[in-house]
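Reading through the C-alpha cells given below for one structure.
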C-alpha cells in the first residue's frame with residue numbers, strides 16, 4: 009500500500025492550506041474556551057422565586073454560591089419554603105445553562121472545517 013511515484017495522499021496544496029487554517033481556528037476556539045471557562049467561574053447568576061422571596065446565586069458553571077431567603081419567606085412554613093428554594097434553584101440553573109450555551113455559540117460561530 010505505498011503511493012506510486014508522483015502520487016500524494018489526495019491532499020493538494022489548497023487542501024493543506026484549508027487544513028492549516030482549520031487547525032488555527034480550532035486553536036483559537038480552544039484558547040477562547042479556556043477564557044470562557046474562567047469567565048463562567050467568576051460569573052454570578054441569580055435565580056429567584058416567590059417574587060424575590062428566595063434567591064439562589066450560582067456561577068456560570070452552575071456551582072452554588074449562596075442562597076438568600078427573605079424574612080417574609082420564613083413565615084410561609086417549611087413546605088412552601090422548600091418549594092420556593094427548589095424553584096429558585098431551577099431558575100438559576102436554567103439561566104446559567106442558557107448563558108453558557110449562548111457564550112459557546114458565540115465562541116464557535118464561524119468555525120467551518122473544510123471537507124477533507
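Numbering (the working numbering), first residue to last: 9 to 124. The beta carbon of each residue, even a glycine, is placed where N, CA and C say it ideally should be.
For residue 42, the number of other beta carbons within 10 angstroms of its own is below 16, and it is reported as exposed. The beta carbon of residue 96 lies closer than 7 Å to those of 55, 56, 57, 62, 63, 64 in the same chain, with the five residues before and after it left out.
Rounded to the nearest whole angstrom, the CA to CA distance from residue 24 to residue 33 is 14 Å. If you check the CB distance, residue 67 and residue 73 come in under 8 Å.
The region 68-104 contains, as complete beta strand (DSSP E) runs of 3+ residues, the segments 72-77 (chain order).
DSSP places residue 39 in the uninterrupted alpha helix (DSSP H) bounded by 21-50.
Under the three-pair Cβ rule at 8 Å, the region 105-117 does not count as touching the region 78-86. Residue 44 places its beta carbon 8 Å or farther from that of residue 89. A residue is called buried once 16 or more other Cβ atoms fall within 10 Å of its Cβ, and residue 92 is buried on that count.
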